Structures are given as C-alpha cells and as structure tokens.
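Student: Protein chains in written order, with our numbering: chain A, 89 to 394; chain B, 1077 to 1341.
The following block contains the structure, expressed as structure tokens.
Dropping the structure here:
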C-alpha cells in the first residue's frame, strides 16, 4: 500500500481490517478531500506541463508568455542548469547517507536499548522531535553563525591548524551538506525508531543462542527487520533534500557556487519571471525523483510498500 | 572489546542528540541577547526582547498571519483528512489504488514542485496571491499527513465497541458521535497538531504563493539577508516552549488516563 513507505507505523492496516462494508457514505467521506487534492494538487501539475511548453509573447513584457509547444525549453534548462541538477542529487544523496549513519544508532538506542528506562526513552524521544517545534530557518541561521568566519568553530579549527588560516566554512558544499543532514536527521531517525520500537527481541536472542556474533545478528536479523523504517527514513530525507533551497541559499549556508535545483526554480519563477524554465525544471526534478525512488524501493525488496 | 563497543554506541547517540539540540538552544539563548542592531555576537543578557517583541518591524504582524493561516488550514485539512481516513479503513470502494496514490504523491513531491505548480495555476487563472492562496496551499499538503495519522488510529479501533453501541439500539449517527468519534479524538488531535506545525513552519510552498503577504517564515527569510532581529528569536522560542508544554501535557494526561483505566478494570 502506498503509505507503507511513509507511514512506517501502520502498513497493511487496511488488509487486517475485519469487516469492510460497501456504502454510499464512503463516497461522501472521500469526496471533499479527494476533490480538493484534484483541484490543488493534480491540476497544478498539468499547469506546470502547459507552462513548461510556453513561449514568450513576441514583443511582450518580461514575464509574458503564451501557450505553445516549445520542447526546446527543456533542452535549454538542462543545458544551462545541468550543474545545479547534478549538485542537487549529489548533495541530497550525501545528506541521506550521513543522516542514516547518525540517525540509525540513535533510533536503535532509543527504540531498543532504552526500553528498560521508559522515562529516559520518552525524554530522548522529545529531544528527537524538539527541532520540529522551532523555526527551521532560524535553526539554519544558527549554524550559519556558528560556522561564521569569526565564529567559534572556524577559530578553533584554525588554532588547531586543522584548516589553513584563510579557510572558511560557510558558503561551501561542506556547510550545505551539513545543513541538509541536520535538517532531515529527525525525519530519518523517527521512522527507523518506530520499526525498532516494535522489534521482537526474541528474534535477536534466538540469533545469539545460535552462536551468531553481535554483528551477524545485527546484519541478518535486526537490520532486515528495521528495513521498512530505513526505506521510509531515506525517502523522507532524500526527497525534500533534493528540492531544498534554504541550506544552499547564499543568505543561509550556501553561495552561488552551491546553488541547487530549488534555488534556480525559485530564481526563475519569482525573480526572473521565466515561468517556462521554472516549470520545466520542476517537472524534471519531480520525474527524476519518481524514477529514482521507484527503482530504490524495488531494489530494497520492500516492493509492497509503494 | 565488546564492552567498548557498547559504550561507543551510547556516546555516539548522545552526541547525535546534542547535535540536534545545538541550534535549538542557540536560537533560544540569542532571544535573550542584548542585540541592539545585529543579533550575531553575544552582548549580554536581557529580557528586553521578550518584553517588547512587537517593537521590531513586521515581526508581530507576520506572526499573526502565520497563526491565522495555520489555524484555518488545520481545520480544513483535519476535517477532510479524517473523513478520508475513516473511509479508507471502514469501507470498500472502487478506485482504492487510485485514492491511495493520490494521497501518497503530495508527500513524495518536493515542496518546490508543489509550490511552483500551484503558483503556475494561480498565474494562469489570474488569481491574486495573498493569505487566501497560502491557506489553499497549506490545506493541500496537510491533508495527506492527516490521513496517515488518523488512519493508524482508526485501524486499531476495536469494532466490537461500535457493535455494542448498535446492539443497544444506537442509531448510526449516535454510534458515530458517542462511540467512534470520542475514540478517535486522540488521533485527530495529533493530526491537527501536526498540520498546525507543518503549516506554521512552512516556507517553500508559501514563498511561491504568498504574493505580498508575509508569514513568519517569510519574514525570517527576507530578514536573513540583512540580519535577523532578536525579536524573531523570541517568537520562535515562545512557540517552542508552548509546543513542548503541549507535548508534555498530552504525554502526562495519557499516562494518567492509562493508570485510571487500569485501576477500574
């Protein structure tokens, strides 16, 4: 079912249901919400398609376009923005890997190791979701100021001669990937936590009873059982990270050299008023993500999730 | 060797949690900074920013806008999403696959695409962008999250309870409002809180559909270029404290309820 990959908590909820009835009530329950999504989610995608093929009105003002069939828009944006497209996927993949490396152990400790201490477990869980409650823009600004040229981190690294005296951290690929990793870490850790929290420890015991080393038990028992959470977490990190333009913005952790697809879509739409280019880039972004995600879900063997 | 490995795991996870908290603490601490013009360097402790939050230009109006947008979108999304969640678990209908796909796709689409798509649609229809278009956009992306949250709750609902209601000659209406709905309230509350938080903190979709309307995240984004006033930190810190208090209250009241239920049974 579609939600499995994202819900983590309630896959297969529909199948186990006892008595599903057929009733006209169902239609009335579904109609308002589905109609709303069709109006404000599906038709906007068609608007994007139409816009992406538009051409400028001859002799018109900036931002004036007319409907046409102009597939060269796509060729043009790929030609101009290929570095940004590649950068988006490279940065997002790196952030996803780092978030997994950080988030899995945290989720494991909270979901398994802290089981005997419910109070500490609850507290750790609150810490994990605490960042959600404070403006993400201000949190990103906080990192910018911590990494600033005159800030603590740069000063410390320079005095320890880890980085040369003229080095800087903000506006580099490092700070952008760092910011993305930070921003999406809770999105990675939470779904993994929900699967590990329900992990039946008797399987792990059975593994060690059969003389498997702790690592083998983890590799062959714990990790496969937590795979649905890992898949949800990586998707919840990778997808928004690819489209993000806050971290890579030069007012935050990036510079013009780190601009990602989100940045150029924003610039084309809201500043340059080149709507067709922005629309074409948006569709390229969405299509590439859908292709990558379905390939990934197939490969990870959690086919039934999507 | 094994002992060391165990120890490492705890230290590593503890450090990851500290890492998560650094910017949270930083933002709160700098709401007490005697900042004067730029809130970058620590200049000493003061309550001034907290006492005169609205002195900084645009901070309070943008905050009020965000509250209005989040409130209205939450009500709309929670109503529509809850209805869908109930239908998904309780009823059989055609187009189930298409329905789940339609609910799943908005969550799998990057925010820029959602934002640019809606903006392109408003542009083609000649709609003036403002608070109304922001509310339309936020309601749209909140629906799916409401469905996921409430559905989990409907799925674990014991159908025997409703059966008992029907056996006692409750009309379908009575059974729904006296039995089903009260049991769903915790799930619906969680979904509403999630919607509110998502809407309140949303920037990307908002930025594409705001026109001249300024929400709190939009204010912060524009201010980032010239320096963010400490009053913005006050707002963020205030929201944080309220949210944490809400989480603690629901956790504690849940624990008390469970205890009471255990005592009566």
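Cβ atoms here follow ideal geometry from the backbone N, Cα and C, with glycine treated the same way.
Treat the numbers as computed from the prediction; the structure is a model and nothing was measured.
#1: Please name the residue, chosen from 1271(B), 1260(B), 1303(B) and 1177(B), that lies closest to residue 126(A) on a Cα-to-Cα basis.
#2: According to DSSP, is residue 91(A) helix, strand or coil?
#3: Can you find a C-beta in chain B that's less than 9 Å from the C-beta of residue 121(A)?
#4: DSSP on residue 109(A), reduced to helix/strand/coil?
#5: Quick check on the DSSP output: the alpha helix (DSSP H) that includes residue 1218(B) runs from which residue to which?
#6: Verify whether the separation of the beta carbon atoms of residue 346(A) and residue 355(A) is less than 9 Å.
#7: What are the start and end residues of the alpha helix (DSSP H) that includes residue 271(A)?
#8: Looking at C-beta atoms only, is the number of pairs between the segment 169-187 of chain A and the segment 233-251 of chain A that lie closer than 8 Å three or more?
#9: Mind pulling the chain B residues with CB within less than 7 Å of residue 350(A)?
#10: I believe residue 1153(B) touches residue 223(A) by the beta-carbon criterion, under 8 Å. Please report the beta-carbon distance rounded to the nearest angstrom.
#11: Using a Cβ cut-off of 7 Å, which residues of the segment 160-187 of chain A contact any Cβ in chain B, in chain order?
#12: Of all Cβ atoms in chain A, is any one closer than 9 Å to the Cβ of residue 1156(B)?
#13: Cβ of residue 294(A) less than 9 Å from any chain B Cβ?
#14: Going by DSSP, what residue range makes up the alpha helix (DSSP H) through residue 1238(B)?
#15: My output table needs one value for residue 152(A): the three-state DSSP class, helix, strand or coil.
#16: Considering only the alpha carbon of each residue, which of 375(A), 110(A) and 187(A) lies closest to residue 1172(B)?
#17: In chain order, what residues of the same chain lie with their CB nearer than 7 Å to the CB of residue 1271(B), ignoring the 5 residues before and after it?
#18: State buried or exposed for residue 1253(B), treating a residue as buried only when at least 16 other CB atoms are found within 10 Å of its CB.
#19: Please list the partners that residue 1137(B) has in chain A, where partner means a Cβ-to-Cβ separation under 9 Å.
#20: Please list the segments of the alpha helix (DSSP H) lying wholly inside the segment 1104-1180 of chain B, counting only runs of 4 or more residues, in order along the chain.
#21: Answer with yes or no whether the minimum CB distance from residue 1162(B) to chain A is below 9 Å.
#22: By alpha-carbon positions, which one of 1229(B), 1230(B), 1231(B) and 1256(B) ends up nearest to residue 1242(B)?
#23: Secondary structure at residue 1186(B), three-state DSSP: helix, strand or coil?
#24: Using only alpha-carbon positions, find the residue among 321(A), 288(A), 323(A) and 327(A) that is nearest to residue 309(A).
#25: Have a look at the DSSP bridge pairing and note the partners of residue 143(A).
#26: Whole-angstrom Cβ separation of residue 258(A) and residue 221(A), contact assumed at under 8 Å?
#27: CA-CA distance, residue 1125(B) and residue 1115(B)?
#28: Can you check the segment 1248-1296 of chain B for any alpha helix (DSSP H) of at least 4 residues that lies completely inside it and give the ranges in chain order?
#29: Consult DSSP for residue 347(A) and reduce its assignment to one of helix, strand or coil.
#30: In chain A, which residues lie less than 8 Å from residue 1216(B) when you measure between Cβ atoms?
#31: I need the straight-line Cα distance from residue 205(A) to residue 296(A), nearest angstrom please.
#32: Are the Cβ atoms of residue 192(A) and residue 318(A) separated by less than 9 Å?
#33: For my contact list, residue 162(A) and residue 368(A) are in at a C-beta cut-off of 8 Å; report their separation, rounded to the angstrom.
#34: Take residue 370(A) and list the residues in its own chain whose beta-carbon comes closer than 7 Å to its own, dropping the five residues that flank it on each side.
#35: Compare the C-beta of residue 1283(B) with all C-beta atoms of chain A and state if any pair is closer than 9 Å.
#36: Quick one: what does DSSP say residue 162(A) is sitting in, helix, strand or coil?
Tutor: The relevant details are as follows:
#1: As a working note, residue 126(A) is residue 38 in the first chain. Residue 126(A) has its Cα closest to that of 1177(B), out of 1271(B), 1260(B), 1303(B) and 1177(B).
#2: As a first step, residue 91(A) is located in the first chain; it is residue number 3 there, counting from the start. Confidence at residue 91(A) is low in this model, with a pLDDT of 35, below 50, so its placement is unreliable and the value that follows should be read with caution. It is coil, neither helix nor strand.
#3: As a working note, residue 121(A) is residue 33 in the first chain. Answer yes: the Cβ-Cβ gap between residue 121(A) and chain B drops below 9 Å somewhere.
#4: As a first step, residue 109(A) must be located in the first chain, where it is residue number 21. In this structure, residue 109(A) counts as strand in the three-state DSSP scheme.
#5: Residue mapping note: residue 1218(B) aligns to position 142 of the second chain, counting from 1. Here the alpha helix (DSSP H) through residue 1218(B) covers 1207-1231.
#6: Locating residue 346(A) in the first chain gives position 258, counting from the first residue. Locating residue 355(A) in the first chain gives position 267, counting from the first residue. Judged by beta-carbon spacing, residue 355(A) lies beyond the 9 Å limit of residue 346(A), meaning their Cβ atoms are not closer than that value.
#7: To locate residue 271(A), count along the first chain from 1; it is residue 183. 261-285 is the span of the alpha helix (DSSP H), which, as asked, contains residue 271(A).
#8: no
#9: What you label residue 350(A) is simply residue 262 of the first chain in a count that begins at 1. 1188, listed in chain order.
#10: Along the second chain, one-based indexing puts residue 1153(B) at 77. Along the first chain, one-based indexing puts residue 223(A) at 135. Going by Cβ atoms, the distance from residue 1153(B) to residue 223(A) rounds to 21 Å, so no, they are not a contact pair.
#11: none
#12: Taking the first residue of the second chain as position 1, residue 1156(B) is located at position 80. So yes, residue 1156(B) belongs to the interface.
#13: Walking along the first chain from the start, residue 294(A) turns up at place 206. Judged by the 9 Å Cβ criterion, residue 294(A) is not in contact with chain B.
#14: One-based indexing of the second chain puts residue 1238(B) at position 162. Per DSSP, the continuous alpha helix (DSSP H) segment holding residue 1238(B) begins and ends at 1235-1243.
#15: The residue you call residue 152(A) lines up with position 64 of the first chain. It is coil, neither helix nor strand.
#16: Counting from 1 along the second chain, the entry for residue 1172(B) is found at position 96. Measuring from the Cα of residue 1172(B), the nearest candidate turns out to be 110(A).
#17: Against the second chain, residue 1271(B) aligns to sequence position 195. Excluding sequence neighbours, residue 1271(B) sits near 1149, 1150, 1153, 1154, 1218, 1221 and 1222.
#18: In the second chain, counting from the first residue as 1, residue 1253(B) sits at position 177. Flag for residue 1253(B) reads exposed.
#19: In the second chain, residue 1137(B) corresponds to position 61, counting from 1. By Cβ distance, chain A contributes nothing, its closest Cβ being about 16 Å from residue 1137(B), past 9 Å.
#20: 1124-1127 and 1135-1166
#21: For the purposes of this step, residue 1162(B) is taken as residue 86 along the second chain, with counting starting at 1. Answer yes: the Cβ-Cβ gap between residue 1162(B) and chain A drops below 9 Å somewhere.
#22: For this step, residue 1242(B) is matched to residue 166 along the second chain. For the residues 1229(B), 1230(B), 1231(B) and 1256(B), the minimum Cα distance to residue 1242(B) belongs to 1256(B).
#23: Here residue 1186(B) refers to the residue found at position 110 of the second chain. Three-state result, residue 1186(B): coil.
#24: Translated into the one-based positions of the first chain, residue 309(A) becomes position 221. Ranking 321(A), 288(A), 323(A) and 327(A) by Cα distance to residue 309(A) puts 288(A) first.
#25: For this step, residue 143(A) is matched to residue 55 along the first chain. Paired residues: 154(A).
#26: Translated into the one-based positions of the first chain, residue 258(A) becomes position 170. Translated into the one-based positions of the first chain, residue 221(A) becomes position 133. Wrong, their Cβ atoms sit about 25 Å apart, outside the cutoff.
#27: For the purposes of this step, residue 1125(B) is taken as residue 49 along the second chain, with counting starting at 1. For the purposes of this step, residue 1115(B) is taken as residue 39 along the second chain, with counting starting at 1. If you take the alpha carbons of residue 1125(B) and residue 1115(B), they lie about 11 Å apart.
#28: 1248-1251, 1257-1277 and 1280-1285
#29: What you label residue 347(A) is simply residue 259 of the first chain in a count that begins at 1. Residue state, collapsed to three classes: coil.
#30: The sequence position of residue 1216(B) within the second chain is 140, counting from 1. Within chain A, the residues near residue 1216(B) are 124, 125, 128 and 129.
#31: Mapped onto the first chain, residue 205(A) falls at position 117. Mapped onto the first chain, residue 296(A) falls at position 208. So the alpha carbons of these two residues sit roughly 23 Å apart.
#32: Along the first chain, one-based indexing puts residue 192(A) at 104. Along the first chain, one-based indexing puts residue 318(A) at 230. The criterion of a C-beta distance shorter than 9 Å is satisfied by residue 192(A) and residue 318(A).
#33: As a working note, residue 162(A) is residue 74 in the first chain. As a working note, residue 368(A) is residue 280 in the first chain. That pair is a contact at about 5 Å.
#34: Within the first chain, numbered from 1, the residue matching residue 370(A) stands at position 282. The beta carbon of residue 370(A) sits closer than 7 Å to the beta carbons of 136 and 353 from its chain, once the five residues preceding and following it are set aside; these are given in chain order.
#35: For the purposes of this step, residue 1283(B) is taken as residue 207 along the second chain, with counting starting at 1. True, the Cβ-Cβ gap to chain A drops below 9 Å.
#36: As a working note, residue 162(A) is residue 74 in the first chain. Helix, per DSSP.
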